[in-house]
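In the working numbering, the protein residues as written are 97 to 235. Note that the Cβ used here is the ideal one computed from N, Cα and C, for glycine as well. None of the values given here were measured: they were computed from a predicted structure.
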């Protein structure tokens with residue numbers, strides 16, 4: 097029997113997690129992705145896209161998801177690829193938060209009001225250590 101191990105608002109993230117689980121030998125499937133692709137607001141109302149695994153793989157799947165959310169898997173990938181993790185260009189700290197500039201936030205709100213919701217792909221980062229702000233791809 098399949099059980100839901102995680103839910104995501106973004107179906108593409110669900111597919112990335114499914115691929116990671118399968119790479120670790122856990123059979124996984126993505127459910128309800130078509131709702132998100134066809135009608136994103138409806139997907140939000142239904143709870144998003146689910147990643148499901150066999151019940152006997154639940155504990156191992158949860159550990160992998162924990163590592164995924166903590167950034168451990170991204171750090172491993174960056175090491176293998178010889179890349180540096182996202183960091184503050186001023187002080188080098190990896191402790192930052194994402195924010196959306198107010199113009200983009202207002203645009204998204206206006207579009208949501210007119211029933212055409214969309215996820216934005218550009219974020220602004222703010223370093224929690226030194227307060228420096230930058231956009232993705234800078235630095």
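Item	Value
Using the three-state DSSP reduction, which class does residue 146 fall into: helix, strand or coil?	strand
Is residue 141 helix, strand or coil by DSSP?	helix
Return the first residue and the last residue of the alpha helix (DSSP H) that residue 109 is part of.	107-119
Is DSSP giving residue 201 helix, strand or coil here?	helix
Can you round the beta-carbon distance between residue 100 and residue 148 to whole angstroms, since I take them to be within the 8 Å contact cut?	5 Å
Find out if the Cβ-Cβ distance for the pair residue 105, residue 150 is shorter than 8 Å.	no
Tell me whether residue 279 is buried or exposed, calling it buried when 16 or more other Cβ atoms sit within 10 Å of its Cβ.	Nothing in the structure corresponds to residue 279, since the chain is present only between 97 and 235.
When DSSP builds the beta bridges, which residues end up paired with residue 126?	147
For the ligand ADP, is there a heavy atom less than 7 Å away from the beta-carbon of residue 183?	With respect to the ligand ADP, the structure shown offers nothing to examine, as it has no ligands at all.
Is residue 146 near residue 200, with beta carbons less than 8 Å apart?	no
Comparing alpha-carbon positions, which option in 221, 122, 222 lies nearest residue 154?	122
Near residue 139, which residues of its chain fall below 6 Å by C-beta distance, leaving aside the five closest residues on each side in sequence?	131, 132
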